[in-house]
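Taking it in order: structure first as structure tokens, then the write-up.
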Amino acid sequence: REWYGYHFPELIKIVPENSLYCRVAKFIGNRRELSEESLEGLEEIVMDSAKAQAILEASRSSMGERGALRGSGGAWLCGQCRHSSRAPPPGMDISPLDLINIESFSRRVISLSDYRKGLQEYLRSKMSQVAPSLSALIGEVVGARLISHAGSLTNLAKYPASTVQILGAEKALFRALKTRGNTPKYGLIFHSTFIGRAAAKNKGRISRYLANKCTIASRIDCFSEVPTSVFGDKLREQVEERLAFYETGEPPRKNLEVMKEAVVE
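Last residue of the sequence shown: 277 in the working numbering, with the numbers rising by one and none dropped.
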């Protein structure tokens, strides 16, 4: 982005997302060659006709129209105010060699982005088959990390809630025991959205409660004959109610009531 930004600085503000920026930069190449004929291709990439039109207009009125000169000692001179700088000015013309390298980097970033999306889809489909309740409760990524750290879903189901709570923070735990300091309040479950949404004084309480629900969800996934995400959705509602209880004081439903509703569904 920084490299191509010297040539077309306005594009960063119009297309802030990294992978989409690479696709657009690869398609445009030299901004001076962008014309009305390229508008349809831009629309297919950005999926927005107004944004594609904005890119086209920005390419015509880019800061590069001001021009720049190379001064003595390799410094750049601005075409308007003649101030010098070691860095090339925004909107400057780009060499064919730079364009080749930028296109090469763009292809690499696009392929990595597509690979990451494919992995996310695979993880989502696999977790919905293996551990649907755990995925519904805490998310596919955090659930997969917990299973990976435990070794298997069966091992995770055997762990008590206190172990699940600090799973992934073993080094910090043993260091705290050795130095007689404060033990960690959470491990891998810290990456869930619930911990981040809780107030600082309630992070330990919500992590303990979330670990308890993760243990229940993993045992349901491990030992149930028919995989279902109903229990995970209900457990997630319980965690949401617990968060609201810490903030407003409204008492949450009891676990027995929620489980009866899940069984009926």
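Think of the CB as a built atom: it goes at the ideal place given N, C-alpha and C, for glycine as much as any other residue.
- Taken through DSSP and simplified to helix, strand or coil, Y18 comes out as coil.
- Nearest Cα to F206 within the set Y16, S71, R248, P144: R248.
- In the structure shown, Y33 adopts helical secondary structure according to DSSP, grouped into three states.
- Shortest Cα-Cα distance from M139 to any of R157, K183, D60, K129 involves R157.
- In the structure shown, E269 falls within a helical segment according to DSSP collapsed to helix, strand and coil.
- The residue from A181, S116, I26 with its alpha-carbon nearest to that of D60 is I26.
- Between the beta-carbon of P108 and that of G244 there is about 55 Å, and that puts the pair past the 8 Å contact cut.
- When only Cα atoms are considered, G17 and K129 end up about 26 Å apart.
- The residue from A148, I150, L179 with its alpha-carbon nearest to that of G163 is L179.
- For R13 against I24, the beta-carbon gap comes to about 6 Å, under 8 Å, which counts as contact.
- In the DSSP assignment, A211 falls outside any alpha helix (DSSP H), carrying neither H nor E.
- Pairwise C-beta distances place the region 57 to 73 out of contact with the region 147 to 161, as fewer than three of them are shorter than 8 Å.
- C-alpha of Q65 to C-alpha of S118: approximately 22 Å in a straight line.
- Each residue's CA atom was taken as its position, placing E273 and T240 some 14 Å apart.
- Membership of G180 in any alpha helix (DSSP H) is not indicated, and neither H nor E is assigned to it by DSSP.
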